[in-house]
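Residues are numbered in our numbering as their position in the sequence shown, beginning at 1, plus a constant of 978.
Every residue, glycine too, gets a C-beta built ideally from N, C-alpha and C.
Structure record follows, encoded as structure tokens.
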Amino acid sequence: QVQLVESGGGLVQAGGSLRLSCAASGRTFGRLTMAWFRQAPGKEREAVARIYISGGITYYADSVKGRFTISRDNAKNTVYLQMNSLEPEDTAVYYCAAAPKLGEYEYWGQGTQVTVSS
């Protein structure tokens, strides 16, 4: 079992920045592929970014490339999402997820709200 707890969401003006954190416990963090997803009202959940075990390979949705950065600290069992140049379209609940097997996100956090005002 893996427990994931997100933090760092909030209200920010367009152009601002936020950093989300996701603390993991319960299983060897270094063996998990980690990702951030988001879901806006009335929309389907979408993958925002993911980072593989070593941290050297990352993926970003086209909508956030160049603005968001995912990183991980395996010593702290934590994954981060640095979000810069935020836009109102980034408003959503952001979820942290963990995949023991590639592509199979078995564990999810409770979500943290990010609201970007125009």
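A residue is called buried once 16 or more other Cβ atoms fall within 10 Å of its Cβ, and Glu984 is buried on that count. C-alpha of Leu989 to C-alpha of Ser1032: approximately 32 Å in a straight line. Thr1047 and Gly1004 have their C-alpha atoms some 25 Å from each other. Annotated three-state conformation of Glu984 is strand, per DSSP. Under the 10 Å beta carbon count, Arg1009 is surrounded by fewer than 16 other beta carbons and is classified as exposed.
Membership of Ser1049 in the beta strand (DSSP E) is indicated by the continuous run Phe1046 to Asp1051. Its Cα nearest to that of Thr1056, the residue Ala1076 stands out among Ala1076, Gly1034, Ala1025 and Pro1066.
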